[in-house]
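Below is one structure, written out as structure tokens; the observations come after it.
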Amino acid sequence: MASESKRQSSAPKVAVALPKTDGTQSPAQMVSHEAALHAAIGSRVRVSTAAPNQSTVEGTIYVADATTNLLVVNVSPAQNTAISASTLHAPSGSYRIIPISQISSFQLQALPPAQMSNLELSPQRNTLDTAALQSRLNREVTKLQTAQSRQGPKGTSPAEQALFDSFSRTMPTQWHGNAMIVSETFIIEKPYQPTNVRLMDGASGDIDRMKRVLDMERNKIALKFGKQQIDNRLGESPTSAGRNNLKKGG
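Numbers given in the numbering used here equal positions in the sequence shown, counted from 1, plus 137.
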């Protein structure tokens with residue numbers, strides 16, 4: 138309690154002009170920036186800043202953050218959505234971000250709606266779940282690492298990458314230099330022909346079947362890439378195709 142009182146007493150002071158209640162303006166009261174601004178969330182205010190960025194802003198306080206020492210004001214003329222400490226989405230409009238240290242004074246022009254007067258402004262309502270964020274970050278990093286590990290070494294052609302991807306969809310497959318290791322049993326060396334298939338040291342498996350599977354996958358990829366080349370040629374304009382024929386004909 139003593140440290141809290143000392144902190145509040147040492148906080149910067151600002152003159153706050155309270156709204157009229159009986160037709161006369163009450164005297165300005167000296168309160169800390171943090172306490173005054175936090176209590177004014179959702180209020181219509183007029184904020185003045187000191188030099189060198191001297192200006193005056195009118196709007197509704199959306200955020201008063203003592204951690205970053207920033208004030209966010211919605212400067213739209215009218216508010217369709219009430220702003221409170223528990224607001225999850227920012228109302229539409231234009232916003233101004235003002236460093237609290239530059240505020241020379243602010244005037245409360247209108248208090249928040251009546252239904253917000255008893256609202257407890259608890260900072261825990263906007264507390265971030267750091268455990269969930271860390272878990273999400275770890276998942277994204279794992280996904281990126283997995284995707285990166287599936288990329289072939291430098292010099293891998295699109296057809297060779299497609300062959301690796303085809304195996305990895307049905308069997309555990311990984312790169313080991315320029316070689317593909319399938320199911321921790323078979324090694325397929327470059328250029329990835331059936332004759333390049335061999336068993337890993339100490340492993341046992343149907344190597345003839347793996348050779349047939351490899352040959353089948355190579356044929357599928359050859360047909361796929363051959364069709365793409367045909368489609369690309371068919372997509373050429375008659376003019377460009379004619380120029381190519383003229384060049385070939387000399």
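Ideal Cβ positions, reconstructed from N, Cα and C, are used throughout, including at glycine.
Check                                                                                                       : Outcome
Cα-Cα separation between M317 and S272, rounded to whole angstroms                                          : 32 angstroms
Run of the alpha helix (DSSP H) containing T283, from where it starts to where it stops                     : T267 to S286
Beta-carbon proximity check, V334 vs K357, cutoff 8 angstroms                                               : no
Residues bridged to V212 (per DSSP)                                                                         : Paired residues: none, contrary to the question.
Among S241, R233, D343 and T204, the one whose alpha carbon lies nearest that of T186                       : S241
Separation of S238 from T204, as counted between CA atoms                                                   : 12 angstroms
Residues sharing a beta bridge with E195, DSSP                                                              : R183
For I240, three-class secondary structure by DSSP                                                           : strand
CB contact flag (I198, V212, <8 angstroms)                                                                  : no
Closest residue to G292 among D345, K364 and N315 (Cα-Cα distance)                                          : N315
Closest residue to A188 among V182, I235, P214 and A176 (Cα-Cα distance)                                    : I235
Beta-carbon gap between I344 and F362 smaller than 8 angstroms                                              : no
Proximal residues to R183 (C-beta, below 7 angstroms), its chain only, five neighbours per side dropped     : T193, E195, F243, Q244 and Q246
Buried or exposed (CB count within 10 angstroms, at least 16 for buried), V278                              : exposed
Residue(s) in a DSSP beta bridge with F323                                                                  : V319 and L336
Collapsed DSSP secondary structure at L107 in the structure displayed                                       : No statement about residue 107 is possible, as the shown extent of the chain runs from 138 to 387 and does not include it.
Buried versus exposed, by CB contacts within 10 Å (16 or more), R181                                        : buried
Outcome for G339 when other beta-carbon atoms lying within 10 angstroms are tallied against a minimum of 16 : exposed
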